[in-house]
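Residue numbers (this note's numbering): 2 to 242.
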């Protein structure tokens, strides 16, 4: 006997709910109700909420991807400026015979080896320290850096910080959308189970093929064993190997 299979993904869940609400209302209006009006109303409301949540999460995912890309680009530019800053600081110290200690103003060790940060927060912190160190070096009597200057680095740092903040916000919104969708998914699975239970009860006096035929109009799908004949009205269902 064909076996009912519940929706396995969110698109199928929404499709089931929308079809159940539509078919249910049509049957009620025609005077042959298989679902109660209360159930139809609940299914319709949940279908709308679930469909909107799927749309929202798609939008949030797109926004998150865009913000992450823009953040990464901004951090890469910031890293380029910081590395240039370090390179200029090393060359100037060598050219002007400055003590190795001057390099520490810019976050470099005495041997001038460049750090190799890999995370966004590391680059933001290092860049901020370099900007602050440049100001402190000037107060200590050393000439301000140029090409790039502290001001140029500050502008790039500010832009990178903004992009990092926007990416974090987009990430939080996406997580919230995921949480909301997870809650609705649980509700949808329960609602689908309730619809099927109500249909089984309402259709209990009909023969099994008739039950399945009507259930299909409400969005239900059935699987067949290998070699099992299909219902006359159903030639598209899955086969269980």
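Don't be surprised by glycine CBs; every beta carbon is placed ideally from N, CA and C.
#### Entry: Alpha carbon of residue 147 to alpha carbon of residue 168, nearest angstrom
31 angstroms
### Message
Please report the straight-line C-alpha distance between residue 186 and residue 156, rounded to a whole angstrom.
### Response
45 angstroms
### Message
Using 8 angstroms as the cut-off, can you tell me whether the segment 174-188 makes contact with the segment 58-73, which would need three or more C-beta pairs spanning the two stretches below that distance?
### Response
yes
### Task
Give the range of the beta strand (DSSP E) segment to which residue 106 is assigned.
Unbroken run through residue 106: none, as it is neither H nor E.
### Query
Under a Cβ-count criterion, where at least 16 other Cβ atoms within 10 Å of its own Cβ denotes burial, should residue 202 be classed as buried or exposed?
exposed
### Query
Terminal residues of the continuous beta strand (DSSP E) containing residue 5?
4-6
#### Entry: Distance between residue 181 and residue 228 (C-alpha atoms, nearest Å)
42 angstroms
### Query
residue 224 lies in the beta strand (DSSP E); which residues open and close that run?
222-226
### Query
What are the start and end residues of the alpha helix (DSSP H) that includes residue 204?
That residue, residue 204, is in no alpha helix (DSSP H); it is neither H nor E in DSSP.
### Task
Report yes if the CB atom of residue 149 is closer than 8 angstroms to the CB atom of residue 86, and no otherwise.
yes
### Task
For residue 242, count neighbouring C-beta atoms within 10 Å of its own C-beta (all shown protein chains included) and say buried if the count is 16 or more, exposed if not.
Its pLDDT being 43, under 50, residue 242 is placed unreliably in this model, and the value from its coordinates should be taken loosely. That one is exposed.
### Task
Entirely within the segment 22-69 and at least 3 residues each: give me those beta strand (DSSP E) ranges in chain order.
none
### Message
By alpha-carbon positions, which one of 135, 54, 216 and 209 ends up nearest to residue 196?
### Response
216
### Task
Drop a sphere of 10 angstroms on the beta-carbon of residue 192, count the other beta-carbons inside from all chains shown, and report buried for 16 or more, exposed for fewer.
buried
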